[in-house]
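*Asks:*
There are 2 protein chains.
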Amino acid sequence: MHETTRLAGLIQERISDTLSNHRRNLEPLGRDTEPLLDEALGFLSGGKRFRAQFATLGYRAVKPLDLAGEVTPEFGAVLDAACALELFHAAALIHDDLIDRSDTRRGRPSTHRLFSAMHQQHGWRGASEHFGLAGAILLGDLLQSWADELMQAACDAVTDRAAARAARAHFNRMRSEVALGQYLDVLEEQQPVFAEHAEQLERSTRVLVYKSAKYSVEAPLLIGSALAGANEAQETALSSFGLPVGVAFQLRDDLLGVFGDEEVTGKPSGDDLAEGKRTVLVTLARENLPTTHRRIFDDLLGTDLDPSQIAILQRSIRESGAVDQVEGMISRNIARSTAAVNGAPLRPDAVASLTQLAERAARRSA
Amino acid sequence: MHETTRLAGLIQERISDTLSNHRRNLEPLGRDTEPLLDEALGFLSGGKRFRAQFATLGYRAVKPLDLAGEVTPEFGAVLDAACALELFHAAALIHDDLIDRSDTRRGRPSTHRLFSAMHQQHGWRGASEHFGLAGAILLGDLLQSWADELMQAACDAVTDRAAARAARAHFNRMRSEVALGQYLDVLEEQQPVFAEHAEQLERSTRVLVYKSAKYSVEAPLLIGSALAGANEAQETALSSFGLPVGVAFQLRDDLLGVFGDEEVTGKPSGDDLAEGKRTVLVTLARENLPTTHRRIFDDLLGTDLDPSQIAILQRSIRESGAVDQVEGMISRNIARSTAAVNGAPLRPDAVASLTQLAERAARRSA
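First to last, the protein sequences are chains Y and R. To get my numbering, take the position in the first sequence, counting from 1, and add 353. To get my numbering, take the position in the second sequence, counting from 1, and add 353.
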């Protein structure tokens, strides 16, 4: 746990340094750009840092790295890659919140809301909401570029060129898959009716895999391990571990999106229900409901819900048995992930930390 | 001219190949993602390719490159960098059009309009406009990643590591500056009143420099020349050439944004006036107008204009003498750029092509 705290500190320090450097280099553009740079830092001062932790553990699964020791150039490269993932994630969330019309993130106003509020406070011309959109799009773009620069720095610092190229390839694939996964997620919400159960479950699972499971766990692990020069067997083991952990991570997210405590998650309770997200949880619940209940459920989902309607939907989902099913899936996925690293050609101390982190990702309350 | 045509063909071919490769790699995500991939190709089948041309010429200013010859790995690296700039530009325009609420681009519906229309045609749930926003944000993000991959490929193919790093640094600075420049541009439009003339001119010039002049000409030149291993004197010469060409390029754009022919530009006539863009042209025109005229001018600018109101504003700008002033600035900037490469340590055949391309960028009608 001490190591985790140190890592979190180093990550935050490096993110702050990176943003300060950018601020200095961009001074010629004048002080009007400061709100963007301030929000970059504000946004990146929060978050659970799962991606950074998985990337670091991916490295340590292949090559020793003393998290309590001096920050050598090699350690620095791992930190750069970890920070690249956090910056990329911030960019993705900022664009996501705009797409999902989310008002809050990490207990703060979402970026587009923040820029809208700034517009309103100044009494500027035009639509505040549209200025919020502009700020969020541009800050997301900026952070995406800066993420890429950090990934670049990580790869440049690694002397093994093949390792650098492999890490870069994982990073690239991750970026494409998460953008398309997000598109598929949005597309689901637009469909007038749910597909027939088997097909809907396949569609919801595909979104879960690409938008989250691969992106949140498998890709960070593979990027970190590639930087350490992972061989094929190590990569396969980490992939077989990472994908089920990612699935468990997102299934937990589905549960939190319906039942999560706003105080803890920083997101309004029942957020996914109002957004009409067709998660695996929701898909299973619908299938379990009697036809009349299902009709009421469908009519409410994805509408402007008041607290009592949210409570109705929450009760329907729980009573349908879907929560138990999803909890079972989470447990089975975690078991599968543990089995995948059992006897794998990975460093034992890292394996112990990996299974602990998997548990935390799957059992979290925020 | 024959060389320009061949280059245009090679660029288009490489862009198409890149997009096909991505499509193949992303097949596991299923056919629902096709509209994004189709629009990527549709969008990138148009455009003037100025950035690709300037990048190639930047390279040729430092190192011989036979545009009519075989595509060697070295030539391939230049093409990759040139295509990276075109993909990045497409991403920037797609996000820009969303921010500027533009309905058309290159004579086609803008990306967000295209996705809105798709939503409408299918009779999907929810707001078509918001689905358009999602499609445009995600396609922009995707193209930004793919631009970066191409730049990566270009740098990997160059054996001189210092040259690759320099090219990459120019690319990185360009990305940050254009996002912030775009933010400053949007910020100007929100201000309730114009600033006092000298300050307004400074603000409008700053937007012009960062959002366009450096981005459209100087950065592509520096990226290309860096890949060829440019020394400091060469870089300085290309910078001194590129910035005034970029200024002239954008001043022409300001004129086209007010007086351009829709048939030729692919954008509605007087587009900048309805958007309320505080360009250098508009700032100069206001300063020249008598106070009463200026008040009418300010009241109309940035509102929903009908054709007769657009005609009034166009006439005011022309009669104010601002058009002549801007034409004079364009000519002086082109003269300055020509002087900058006169006797510079650059390859003479490339210099001849550079001054020709500068003329075309400054005198174009679209």
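The beta carbon of each residue, even a glycine, is placed where N, CA and C say it ideally should be. Keep in mind it's a predicted model, so treat the numbers as computed, not measured.
Inspect the CB distances between the stretch 599-613 of chain Y and the stretch 631-638 of chain Y and report whether three or more fall short of 8 angstroms.
*Replies:* Touching, per the Cβ criterion.
*Asks:* For the stretch 628-656 of chain Y, enumerate the residues whose C-beta is nearer than 9 angstroms to any C-beta of chain R, in chain order.
*Replies:* G629 and G655
*Asks:* Is it the case that the stretch 675-687 of chain R contacts the stretch 644-656 of chain R, given that we only count it when at least three CB pairs across the two stretches are under 8 angstroms?
*Replies:* no
*Asks:* When you compare only the Cα positions, how much space is there between R:S592 and Y:D453?
*Replies:* 42 angstroms
*Asks:* Pair every Cβ in the stretch 576-591 of chain Y with every Cβ in the stretch 689-703 of chain Y, then say whether three or more of these pairs are closer than 8 angstroms.
*Replies:* yes
*Asks:* Going by the beta-carbon positions, is the gap between R:S565 and Y:H375 smaller than 8 angstroms?
*Replies:* no
*Asks:* For chain Y, find out if any of its Cβ atoms is closer than 8 angstroms to the Cβ of R:T512; answer yes or no.
*Replies:* no
*Asks:* So, do the stretch 475-490 of chain R and the stretch 437-455 of chain R have three or more beta carbon pairs nearer to each other than 8 angstroms?
*Replies:* yes
*Asks:* Starting from Y:R639 and walking both ways along the alpha helix (DSSP H), at which residues does that stretch end?
*Replies:* Where Y:R639 is concerned, the enclosing alpha helix (DSSP H) stretches over V633 to N641.
*Asks:* Mark R:P417 as exposed unless 16 or more other C-beta atoms lie within 10 angstroms of its C-beta, in which case mark it buried.
*Replies:* Label assigned to R:P417: exposed.
*Asks:* From what residue to what residue does the alpha helix (DSSP H) around R:F403 run?
*Replies:* F403 to R413
*Asks:* Which one of Y:L707, Y:P621 and Y:G629 has the shortest CA to CA distance from Y:A719?
*Replies:* Y:P621
*Asks:* Which of the residues in the stretch 518-539 of chain R, read from start to end, lie with their CB under 8 angstroms from any CB of chain Y?
*Replies:* R518, R521, N525, R526, R528, S529, E530, A532, L533, G534, Q535, Y536, L537 and V539
*Asks:* Does R:R308 come out as helix, strand or coil in the three-state DSSP assignment?
*Replies:* Because residue 308 of chain R is not part of the residues shown, which for chain R are 354 to 719, the question remains open.
*Asks:* Return the CA-CA distance between Y:D652 and Y:S463, expressed in angstroms with no decimal places.
*Replies:* 28 angstroms
*Asks:* For R:D501, which residues in chain Y fall below 7 angstroms Cβ to Cβ?
*Replies:* D501
*Asks:* Counting pairs of beta carbons, one from the stretch 405-416 of chain Y and one from the stretch 557-573 of chain R, are three or more of them closer than 8 angstroms?
*Replies:* no
*Asks:* Does any residue of chain R have a CB that is nearer than 8 angstroms to the CB of Y:S398?
*Replies:* Not closer than 8 angstroms to any Cβ of chain R, the Cβ of Y:S398 fails to qualify, so no.
*Asks:* What are the complete alpha helix (DSSP H) segments, minimum 4 residues, inside the stretch 449-535 of chain Y?
*Replies:* 464-475 and 481-510
*Asks:* With distances taken between CB atoms, is the gap from Y:A434 to Y:A520 smaller than 8 angstroms?
*Replies:* yes
*Asks:* Can you tell me which of the three DSSP states R:P701 falls into?
*Replies:* Assignment of R:P701 by DSSP, reduced to helix, strand and coil, places it in the helix class.
*Asks:* Below 9 angstroms on C-beta distance, what does R:G479 contact in chain Y?
*Replies:* Per Cβ cutoff of 9 angstroms: E542, Q543, G629 and G655.
*Asks:* With a Cβ-Cβ cutoff of 8 angstroms, do Y:W477 and R:Q535 count as a contact?
*Replies:* no
*Asks:* Taking 6 angstroms as the limit between beta carbons, can you name the residues of its chain near Y:D397, skipping five residues before and five after?
*Replies:* Inspection of the sequence shows that residue 397 of chain Y is occupied by Leu rather than by Asp. Only residues of its own chain outside the window of five on either side were considered, and among them I368 and A443 have a CB closer than 6 angstroms to the CB of Y:L397, listed in chain order.
*Asks:* If we define contact as Cβ-Cβ less than 8 angstroms, is R:T357 a contact residue for chain Y?
*Replies:* No, R:T357 lies away from the interface with chain Y (no Cβ there is under 8 angstroms from its Cβ).
*Asks:* Using three-state DSSP, classify Y:D619 as helix, strand or coil.
*Replies:* Reading off the sequence shown, one finds Gly at residue 619 of chain Y, where the question assumed Asp. Of the three classes helix, strand and coil, the one that applies to Y:G619 here is coil, per DSSP.
*Asks:* Evaluate Y:S661 with the Cβ neighbour count: other Cβ atoms within 10 Å of its Cβ, from every protein chain shown; 16 or more gives buried, anything less gives exposed.
*Replies:* exposed
*Asks:* Taking the alpha helix (DSSP H) that Y:G577 falls in, what are its first and last residues?
*Replies:* A572 to L580
*Asks:* Would you kindly check if the distance between the Cβ of R:T371 and the Cβ of R:C436 is under 8 angstroms?
*Replies:* The beta carbons of R:C436 and R:T371 sit closer together than 8 angstroms.
*Asks:* Can a CB atom of chain Y be found closer than 8 angstroms to the CB of R:Q473?
*Replies:* no
*Asks:* Rounding to the nearest angstrom, what Cα-Cα distance links Y:I665 and Y:E555 in this structure?
*Replies:* C-alpha separation (whole angstroms): 26 angstroms.
*Asks:* Taking Cβ positions only, does Y:D385 come closer than 8 angstroms to chain R?
*Replies:* yes
*Asks:* Our contact map puts Y:V570 next to Y:F524 with C-beta atoms below 8 angstroms; I'd like the distance itself, whole angstroms only.
*Replies:* Their Cβ separation, rounded to whole angstroms, is 15 angstroms, which puts Y:V570 and Y:F524 out of contact at 8 angstroms.
*Asks:* Closer than 8 angstroms, CB to CB, is R:A487 near chain Y or not?
*Replies:* yes
*Asks:* Which chain Y residues are close to R:Y721, counting only those with a beta carbon under 8 angstroms from its beta carbon?
*Replies:* With chain R covering 354 to 719 only, the question about residue 721 of chain R has no answer from this structure.
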